[in-house]
Every structure is written in structure tokens, then in C-alpha cells.
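Residue numbers (my numbering), protein chains in the order written: chain A, 2 to 369; chain B, 2 to 369.
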DNA sequence: AATGAATTAATCAACATGATTGACTTATTG
DNA sequence: CAATAAGTCAATCATGTTGATTAATTCATT
């Protein structure tokens, strides 16, 4: 089945380009691929033959009804490659197995008061072992992606063990596939880029409101992580008042207003309007400011706002941000559109799984 | 001399890569090029042979004194290609012919109270005609780059004629080479990137203080202009106080404090310290804020500050910005280094000439 | 001072990869 | 049956790689 003179994950740039085009636009016939890539029909024939042989693409039913020979759309083979995602949060750790199309095949999670390295390693080891034994072809797992907040030790003294702890390295020890680790804000952005159902331009910023506020930047259709892996640190954006975005637009500040912490999932997320309202008003001001700064700098037309919050809260936040952005001075630039994210709580875990996917299957191997 | 089966400007990606490496690092022997590009020595031999034959590279004197066969460094042939730059300003228009190494060969300028389309066209036409007739090989001119502020009509009623005027199109009418047009802030950045003597990382932002404040963003060693050609609009960055950067950090605001306008060149630029000081203090605050926003968003390690101001003023501004940036909150990010630009008043005209250069000779044809 | 070993630069010849082109086949609609 | 579009075949070309080879120098040892 697989051509064994070369590793199954060693795809040429044009093979990856074809896969990513089909991922974004849905099933496409060869002729459309030739047109979209600028390659000759012959080149597409050759590359798609390889991709079908190696199990990454499926030939669909021929489409008739148009003039000319009927076309055969090519779609992603769901089992073409599998990816593991691990998302580490303040109250919750999640592990998922995601297929080539972005569907979550297996999901496990564990709740705790606060995460410790030992506990996370144990959860991951056991969970991965279980998954490996239940998957028909574990050799098709391309890698593990880890989504984690950076600087966990800033959460409090009980998190000191995380200082200097090499999570990715420790996880990689007993795995036969590579491990990728990225800030959870960036992975939420990666998820929207790679698996999201939104119709997005090639350039956008992504803001993700969770315990902290994070974000990601996509330029030319690629997640930008920056030279020190710290791009999209939107929570650290300075905002008026001598503060940073995460000082006003994060769930932790909402919890401070409430006086108690909120549950790690949507069930039982109850916030009285007289508390949520002022929080949203203040957060929206800061979000609008940050988004406008991003537009001035990068000519970005769209900002996606998402978060680990109920859909209704996200909606209010987006509406308030749209209103605020209209009030800020914007001479010389076009105010960007604010779009609601589509993935909410699953963004980070999906994005974690998207890390190995991007590495092996996106045209420019986005992250390394 | 030139291989005529192909246009002299049609270089392959690897040819452009070689030229850009030599431009940035100075003369390099073939072995160093092989190492830097990752190409085989043979490939470098082949490509450099073509580049030498076509007049883009010169073989230098062999370098002895090291172990092994002596190396022959390859340097840019100054007349390999020539570029025209036109810079349109509020009080001054400039036209220059720049060679392949960034040296200004011919420079002409004209001062006015305010620019009109007719006057600029006439100046450019006449100047270009004169230059064409005085250059030994006008066929070696690759293109004309134009640096202009956007939205000229915002300067006042007497500039209304610029509304809807297609400057690049009009200039292209009687030229046999292409015309490129970009915001003057972006061209100042391009100049520092391509011709600058600074040692800069692959990612930086550039702030340019002139009548207005503008800027540019370089990512992965390429000037980023953005989907609507408006990236690097740092003057439009929101800053605290409901204002934009250009409301506080521009020569026009200094002139407002002075009560009269400053001359278009350095001679006679006299600003009493009691006026310059507060202007710099306020401008530095806004610059520091914007730079930190850029770093949070893009993980940018360096910001270059330059401007159409005397070196002493620029120095004060940079020092003040460094001081301000230390006072802003920066949890979660590394404060960027502030560097002084190296090109001052010539940045924009050099950058204009750099537009055709980048298009034809940079690996990713930066702008189109 | 002479000499061989090591080192580095660069080229030659053969070959591999992956694209292009033009002719051709196939299946469909109008 | 003409027109149209999808797709493949065979030949060719551009541009890379590899391994052997040549050249010019310094370094270490006699």
C-alpha cells in the first residue's frame, strides 16, 4: 500500500498543497486542483495517484450533469492520518484522537483542583496507551500536539513544580511519534484555521477568552508563531489604563467579579446579568482596542472572537466589541470585521491535534 | 552576454536567493553560498555561472591565508540592474537612480508649497527622460518605484486634485519598465531591510517619523504590505487617550507646537529644547506603546525608529522610547530592543527604488 | 627547507525528480 | 454529430543531487 522507499509522512510540497486545498474547500476534482494550484493537469494526475495509493485521498462518485466528461471529486480519506491532542487547563485536562478530517474519534478528560506534572503525565500515558490499543492501525498516528498555557507557575505557589518541567520532552519519551507543544491560545487559532467551518480570509487575528486571554495570528493562511514562539500573545497587549488585555478580558477577571470560580464546562455556568454586563463592557473595550492595533499593524480584515464560554456570552461579547470598535478613531485604516468563532470549548483540543497535522500536511509545515 | 531565450529579469528563485544573500552579507564565496542556501556546491556553481554571465555578479580577488584552496568571493555587480525611485512629499519631490548595490547615482529634487498631480508628472517625466539619456545602458533599468503618503487629499482643500488620481498608472504610460507604488512609510522600511547597514533580525517593525508617522513590518525577512496594501500603518495605531500615533508622534505635531513649519531638509532645522523636549516625551510614550503592541501580537524582537529629522533628534527620541518601554507592563512578553535607523531622510527615496528591486530580485518578490 | 597529509573550494559526469507540453481518449451535453 | 471538459500517455526539459576528481593552499614532521 505505502511506498516504502520513503516515509509515509514525507509528502512533497505540492502533495501537501493539494491536501490543504481539499481540506479548505471540500472535495475537488482534479481539474479544479490544477486550476487552483497552477500546476498542469498531468502533474495533478501524478500527485493525486500517489495520494490515493497512500490512503490520503478517496475518489468520490463521478459528477454528471455538466458539459464535458464527468468529474470525479477527490476527498480527504478520514483515516489517512490520525492525530492526538492533549489540552492542559486550569481545572481540566483533555485527550483526543482526531482523524484526517477533523472529527474527534475518542475523547477522555479528567477534572482536578490544579494540575501537577505527575498527574498530567500519568493521565496522558494511560490515555494514550488505551487509545493505541483500541485503534486498528496505530501506525497511522502522525503525532501528538499539546496545548497548554505558558507560565503555569504564575497561577500560584501550588504550581511551582511546572517551573522548568519539559512536558513535551517527557511525553515524547515513550512515544514512537513526535510531540508538538504550543500555547493554548495559538492552538485555538490553529483549530479555527484548519478545522473551522467559518469562511475566513488568508489573514486574521483570533482572540480566545478563557481563564486567561490568548490569541493567534494567521498571515497568508499560516499560523504565525514568531521567532520565540510567542506571537499571538494578545493577552499581553497593552491597553489604555496601564493594563494588559488579560487584566480585563478573561474568565479569571469575571470570576473575581463574581467572587467564586466557574465550572470547567458550560453546565452550571450561571452568571447574573448585573455582573456579566459590566465585565463584557470592559472586556469589549479592550478587545476592540487590540483588534484595531492589529489592523493598523497588519492590515488585517477580520478578527475572530471565541472562548471557553457559553455561546450566549460569546455573542454578547462579540456584539459589544463591534459596537466599541466603531467608536475608536480609525483614520487611515479600515475597521476590521468581528466574527464569532465556531469551536468554543473544543477549539484548544482540536488545535492541539492540528499541530502535527500542520507540521506534516500543511504546505509550509506551519510550525516546527 | 544575456541569454536571450529568457528575459533578463526572469531569475529563478534560487538565483534570487543567492543575490539576496550576497546583498545582506556582503561578498561571499561559492562554498559559503552552498552552506547558507542548503543547496549543493554543484547547484551553486551552475547558478552563479549564469549570474556572472548575465552581469549580476562579479568574481572578486581570490582570498588566501586560510587552510585549503583559496576562495573567490562573489559580489554584486553595481550595474547589474538599475532602479528609479520617486518620492513624493509635502514640500519636496525627489527622483533618484539607484544601482544594484544601493548607491544613488543621480539625484534630482524640486521644492514646492504643495504638490499637484500635474507638477509631479511633469517633474517625473522630464527627470526620467534626462536620466534615460545620460545612462549608458537604459535597458538595464528594471523599474520605477514610487513612495507617496496615502490620502494626500486629507492634507487640505488644495490637494483635492489627488482624489482618484492614478499616479502609478499615469507614470507607466510612457515608460518601458513597470511602475510600483507603495506608502512612503513602507518604503522607508523596505530601504532599511534591503539597503540598510544595520544588522537586523528577520522580524522587525519600523517606525518612520516624518510629516506624518508611518511604518512598516518585516516578517521572515520580507516586507509585509498586507491584503489591502495598508500594513504598517503605524501612524493609525490607537494609543491611550483616544488618539492615534500620528496625533502625537509626527513632525506636523512638532510644527503645531512650534507655530511654524520646518524646512524640508536638515539645514536650518532649529527647534528650541523647551519645545522639542515635551514633543519627544509625548511621542516616545506613544511609540513605546505601539511597539509593545506589535511585540505582543507578533513576537517581534526589534523595533527600528527613524525619521526625516536630524540625527540628534532621532537619538533623543530613541532614548526616550527606550525609557518609556521599560515602564509599560509586559507580563508574558519580552520587551523589544529599540534600534536607531540608519537612513534618515534618504530612507523613503531609497525604499522607492527598492520596490522594483524587491519585485525582481528578492526570493519571494516581496511586493506585487 | 622539503615533503606529505589534511583541508577546503570548485568542477565534471551521471543520474533522479518532478515539472511541462502536445497528442490523444473518454464521456458527456447541446 | 459538434463542442466541451476531464483526464492520461509519452516525450522532453529544467534543475536539482551524488560521488569522483582536480586544484590550491596550510599544517605538521622530518
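Just so you know, even glycine gets a beta-carbon here, dropped at the ideal spot from N, CA and C.
> Can you name the residues of chain A whose CB is closer than 7 Å to the CB of residue 231 (chain B)?
Replying inline: For the purposes of this step, residue 231 (chain B) is taken as residue 230 along the second chain, with counting starting at 1. Simply 300 and 334.
>> Against residue 357 (chain B), what residues of chain A qualify as contacts under a CB-to-CB distance less than 7 Å, listed in chain order?
In response: As a first step, residue 357 (chain B) must be located in the second chain, where it is residue number 356. Result: empty, since nearest Cβ-Cβ is about 22 Å, beyond 7 Å.
>> In this structure, how does DSSP classify residue 159 (chain A) when only helix, strand and coil are distinguished?
In response: Numbered from 1 along the first chain, position 158 holds the residue referred to as residue 159 (chain A). In the structure shown, residue 159 (chain A) sits in a helix (DSSP, three-state: H, G or I).
> Who are residue 239 (chain A)'s beta bridge partners in DSSP?
Replying inline: As a first step, residue 239 (chain A) is located in the first chain; it is residue number 238 there, counting from the start. Residue 239 (chain A) is bridged to A:245.
> If you draw a straight line from the alpha carbon of residue 239 (chain B) to that of residue 319 (chain A), how long is it in whole angstroms?
Replying inline: In the second chain, the residue the question calls residue 239 (chain B) occupies position 238. In the first chain, the residue the question calls residue 319 (chain A) occupies position 318. When rounded, the distance between both Cα atoms is 20 Å.
> For residue 301 (chain B), which residues of its own chain have a beta-carbon under 7 Å away from its beta-carbon, when the five flanking residues on both sides are left out?
Replying inline: Here the question's residue 301 (chain B) lines up with position 300 in the second chain. Contacts found: 204, 205, 206, 295 and 337.
> So is residue 277 (chain A) buried or exposed if we call it buried at 16+ other beta carbons inside 10 Å?
Replying inline: The count along the first chain starts at 1 and reaches residue 277 (chain A) at position 276. By the 10 Å Cβ count, residue 277 (chain A) comes out buried.
> Helix or strand or just coil, what does DSSP make of residue 262 (chain A)?
Replying inline: In the first chain, counting from the first residue as 1, residue 262 (chain A) sits at position 261. Coil, per DSSP.
> Between the C-alpha atoms of residue 321 (chain A) and residue 340 (chain A), what's the straight-line distance to the nearest angstrom?
Replying inline: By one-based count along the first chain, residue 321 (chain A) stands at place 320. By one-based count along the first chain, residue 340 (chain A) stands at place 339. In a straight line, the C-alpha of residue 321 (chain A) is about 12 Å away from that of residue 340 (chain A).
> Cα separation between residue 141 (chain A) and residue 83 (chain A)?
Replying inline: Mapped onto the first chain, residue 141 (chain A) falls at position 140. Mapped onto the first chain, residue 83 (chain A) falls at position 82. Taking the straight line joining both Cα atoms gives about 6 Å.
> Can you round the beta-carbon distance between residue 15 (chain B) and residue 40 (chain B) to whole angstroms, since I take them to be within the 8 Å contact cut?
Replying inline: Numbered from its first residue, the second chain carries residue 15 (chain B) at position 14. Numbered from its first residue, the second chain carries residue 40 (chain B) at position 39. Residue 15 (chain B) to residue 40 (chain B), Cβ: 7 Å. Contact.
> Unbroken alpha helix (DSSP H) runs of length 4 or more, entirely within the region 124 to 176 of chain A: which are they?
Replying inline: 168 to 173
> So, is the C-beta of residue 369 (chain A) closer than 7 Å to a C-beta in chain B?
Replying inline: The sequence position of residue 369 (chain A) within the first chain is 368, counting from 1. Caution applies to residue 369 (chain A), whose pLDDT of 43 falls short of 50 and renders its modelled position unreliable; the value that the coordinates give is listed next. Chain B contact via Cβ: absent.
> Closest by CA to residue 353 (chain A), which one among A:299, A:345 and A:187?
Replying inline: Here residue 353 (chain A) refers to the residue found at position 352 of the first chain. Residue 353 (chain A) has its Cα closest to that of A:187, out of A:299, A:345 and A:187.
>> Quick check on residue 44 (chain B): does DSSP put it in helix, strand or coil?
In response: The residue you call residue 44 (chain B) lines up with position 43 of the second chain. In the structure shown, residue 44 (chain B) sits in a helix (DSSP, three-state: H, G or I).
> Leaving out five residues before and five after residue 164 (chain A) in sequence, what residues of the same chain have Cβ atoms less than 7 Å from its Cβ?
Replying inline: Taking the first chain and counting its residues from 1, the one referred to as residue 164 (chain A) is at position 163. Taken in chain order, the residues that qualify are 154.
> The alpha helix (DSSP H) with residue 212 (chain A) in it runs from where to where?
Replying inline: In the first chain, residue 212 (chain A) corresponds to position 211, counting from 1. That residue, residue 212 (chain A), is in no alpha helix (DSSP H); it is neither H nor E in DSSP.
> Could you give the distance in angstroms between the alpha-carbon of residue 3 (chain A) and the alpha-carbon of residue 9 (chain A)?
Replying inline: Stepping through the first chain from its first residue, residue 3 (chain A) is reached at position 2. Stepping through the first chain from its first residue, residue 9 (chain A) is reached at position 8. With a pLDDT of 40 at residue 3 (chain A), under the threshold of 50, the modelled position of this residue cannot be trusted, and the question is left open.
> Could one say the Cβ of residue 241 (chain B) lies closer than 7 Å to chain A's Cβ atoms, at least one of them?
Replying inline: Position 240 of the second chain holds residue 241 (chain B). So, interface residue.
>> Using a Cβ-Cβ distance cut-off of 7 Å, determine whether residue 181 (chain B) contacts chain A.
In response: Along the second chain, read from residue 1 onward, the residue named residue 181 (chain B) stands at position 180. No, residue 181 (chain B) does not count as interfacial toward chain A.
> Applying a beta-carbon distance threshold of less than 8 Å, which residues of chain B neighbour residue 351 (chain A)?
Replying inline: Translated into positions along the first chain, residue 351 (chain A) becomes position 350. What residue 351 (chain A) touches in chain B: nothing, since even the nearest Cβ is about 23 Å away.
> What's the call for residue 30 (chain A), buried or exposed, on a 16-neighbour Cβ count within 10 Å?
Replying inline: In the first chain, the residue the question calls residue 30 (chain A) occupies position 29. It is buried - the Cβ of residue 30 (chain A) has at least 16 other Cβ atoms within 10 Å.
> Between residue 190 (chain B) and residue 217 (chain B), is the Cβ-Cβ spacing less than 7 Å?
Replying inline: On the second chain, residue 190 (chain B) is found 189 positions in, with the first residue counted as 1. On the second chain, residue 217 (chain B) is found 216 positions in, with the first residue counted as 1. Against a cut-off of 7 Å, the Cβ pair of residue 217 (chain B) and residue 190 (chain B) comes out as a contact.
>> Checking the sheet assignment: what are the DSSP bridge partners for residue 291 (chain B)?
In response: Here residue 291 (chain B) refers to the residue found at position 290 when the second chain is read from its first residue. Paired residues: none, contrary to the question.
>> With a threshold of 8 Å, are at least 3 pairs of Cβ atoms found where one atom belongs to the region 159 to 175 of chain A and the other to the region 206 to 215 of chain A?
In response: no
>> For a cutoff of 7 Å on Cβ pairs, would you count residue 290 (chain B) as touching chain A?
In response: Reading the second chain from its first residue, position 289 is the one you call residue 290 (chain B). Chain A, which has a Cβ nearer than 7 Å to the Cβ of residue 290 (chain B), makes this yes.
> From residue 194 (chain B) to residue 65 (chain A), what distance separates their C-alpha atoms?
Replying inline: The residue you call residue 194 (chain B) lines up with position 193 of the second chain. The residue you call residue 65 (chain A) lines up with position 64 of the first chain. The straight-line gap from Cα to Cα measures roughly 53 Å.
>> Less than 7 Å between the beta carbons of residue 103 (chain B) and residue 343 (chain B), yes or no?
In response: As a position in the second chain, residue 103 (chain B) is number 102, starting the count at 1. As a position in the second chain, residue 343 (chain B) is number 342, starting the count at 1. No.
>> Please report the straight-line C-alpha distance between residue 75 (chain A) and residue 37 (chain A), rounded to a whole angstrom.
In response: Residue 75 (chain A) sits at position 74 when you count from the first residue of the first chain. Residue 37 (chain A) sits at position 36 when you count from the first residue of the first chain. Residue 75 (chain A) and residue 37 (chain A): Cα-Cα distance of roughly 14 Å.
> By the criterion of Cβ-Cβ separation under 7 Å, what are the contact partners of residue 245 (chain B) in chain A?
Replying inline: Along the second chain, one-based indexing puts residue 245 (chain B) at 244. Simply 330 and 332.
> Under 6 Å from any heavy atom of the ligand COA, does the C-beta of residue 206 (chain B) make it?
Replying inline: What this structure holds is no ligand at all, so the ligand COA is not there to describe.
> Can you list, in chain order, the residues of the region 300 to 316 of chain B whose Cβ is nearer than 8 Å to any Cβ on chain A?
Replying inline: 300, 301 and 302
>> Could you check whether residue 315 (chain B) and residue 308 (chain B) sit closer than 7 Å to each other, using their CB atoms as the reference points?
In response: Position 307 of the second chain, counting from 1, holds the residue named residue 308 (chain B). Position 314 of the second chain, counting from 1, holds the residue named residue 315 (chain B). Their beta carbons are under 7 Å apart, which means residue 308 (chain B) touches residue 315 (chain B) by this criterion.
>> If I follow the unbroken alpha helix (DSSP H) through residue 308 (chain A), where does it start and stop?
In response: The count along the first chain starts at 1 and reaches residue 308 (chain A) at position 307. Segment 303 to 308 is the beta strand (DSSP E) holding residue 308 (chain A); no alpha helix (DSSP H) there.
>> Less than 7 Å between the C-beta atoms of residue 299 (chain A) and residue 232 (chain B), yes or no?
In response: Here the question's residue 299 (chain A) lines up with position 298 in the first chain. Here the question's residue 232 (chain B) lines up with position 231 in the second chain. A contact, by the Cβ cut-off of 7 Å.
> In chain A, what lies closer than 8 Å to residue 227 (chain B) by C-beta?
Replying inline: Here residue 227 (chain B) refers to the residue found at position 226 when the second chain is read from its first residue. Simply 204, 299, 300 and 301.
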